[in-house]
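A quick write-up on the structure given underneath.
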Amino acid sequence: MNRTKFILTTLAFYPLTLLAKILPKTALGITKGFKVNSGEARFGVHYKMKGVTLNTLDIKISGKDTENDLAVFEQTGLTPNGGPPLHIHPNQDEWFYVIEGEYKFQVGNDTYQMKAGDIIFLPRNIQHAFVQLTEKGRMIVSYLPAGKMEDFFAVTDKWTLPPAKEEIEQVFADHDMKVVGPPLIVD
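Numbering-wise (the numbering used here), the sequence shown opens with residue 938 and increments by one.
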């Protein structure tokens, strides 16, 4: 085989490699959209994050819908002055969109005051936490990739008593997160 023919043959296969990256998603049936109504959860389950906060999390887009590429939740905040401990997601980016209420976020060493209409991006491997500043709040939170977040909220929903710090840290670790500090406090 001469060199020109080899190069042309090699280049001809390049579009096939791109198609191979796209094809599995459509070949597996992820080709139809869906709607989740306001106040409802994708599979009808309203997770209560008992023990850490009293927040409710509704899956809007599941990792099961996206081959674990994305998960989107609506979080209803029912815990004024409450929030998760300072933690890290080593494998996930996260973003929040505030629908209602006010929050304070810490991302790395920076703090941000958030109100309705604000959005914040939290890159993977950066410590972060938030605290709810108002009586009630609502946010959209998204995880990229979805990771084990749906399972994490299913576990916290089963708690009947506030868990010990060690149990919280273990459940975070079991779901690919690391607790690195206490929850934020309101100034």
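Glycine included, every Cβ here is placed at the ideal spot set by N, Cα and C.
Everything numeric in this text was worked out from a predicted model, so none of it was measured.
Legend entry - Those runs of the alpha helix (DSSP H) which lie wholly inside the region 992-1030 and span at least 4 residues: none
Inset, instruction - Indicate the three-state DSSP secondary structure (helix, strand or coil) for T1093 in the structure shown. - result: Taking the sequence shown and counting its residues from 1, the one referred to as residue 1093 is at position 156. In this structure, T1093 counts as helix in the three-state DSSP scheme.
Inset, instruction - Decide if the region 996-1015 is in contact with the region 1077-1093; the criterion is three or more beta carbon pairs, one per stretch, under 8 Å apart. - result: yes
Inset, instruction - Report the rounded CA-to-CA distance for K1115 versus R1061, giving the unit in angstroms. - result: Here residue 1115 refers to the residue found at position 178 of the sequence shown. Here residue 1061 refers to the residue found at position 124 of the sequence shown. Those two C-alpha atoms are separated by around 12 Å.
Legend entry - Validate contact between the region 1058-1074 and the region 1082-1101 using beta carbons, cut 8 Å, 3 pairs: no
Legend entry - Residue burial classification, Y984 (beta-carbon count within 10 angstroms, cutoff 16): Within the sequence shown, residue 984 is the residue found at index 47, counting from 1. Buried.
Inset, instruction - Can you say whether E1004 is buried or exposed, counting buried as having 16 or more other CB atoms within 10 angstroms of its CB? - result: Within the sequence shown, numbered from 1, the residue matching residue 1004 stands at position 67. Exposed, by the Cβ-count rule.
Inset, instruction - Compute the distance between the beta-carbons of V1117 and Q1064, then report whether it is under 8 Å. - result: Walking along the sequence shown from the start, residue 1117 turns up at place 180. Walking along the sequence shown from the start, residue 1064 turns up at place 127. Yes; because the gap between Cβ atoms is below 8 Å, this pair is in contact.
Inset, instruction - List the endpoints of the continuous beta strand (DSSP E) containing I1105. - result: On the sequence shown, residue 1105 is found 168 positions in, with the first residue counted as 1. Element bounds for I1105: not the beta strand (DSSP E) but the alpha helix (DSSP H), 1102-1111.
Inset, instruction - Using three-state DSSP, classify M1086 as helix, strand or coil. - result: Here residue 1086 refers to the residue found at position 149 when the sequence shown is read from its first residue. The answer is helix: DSSP assigns M1086 an H, G or I state.
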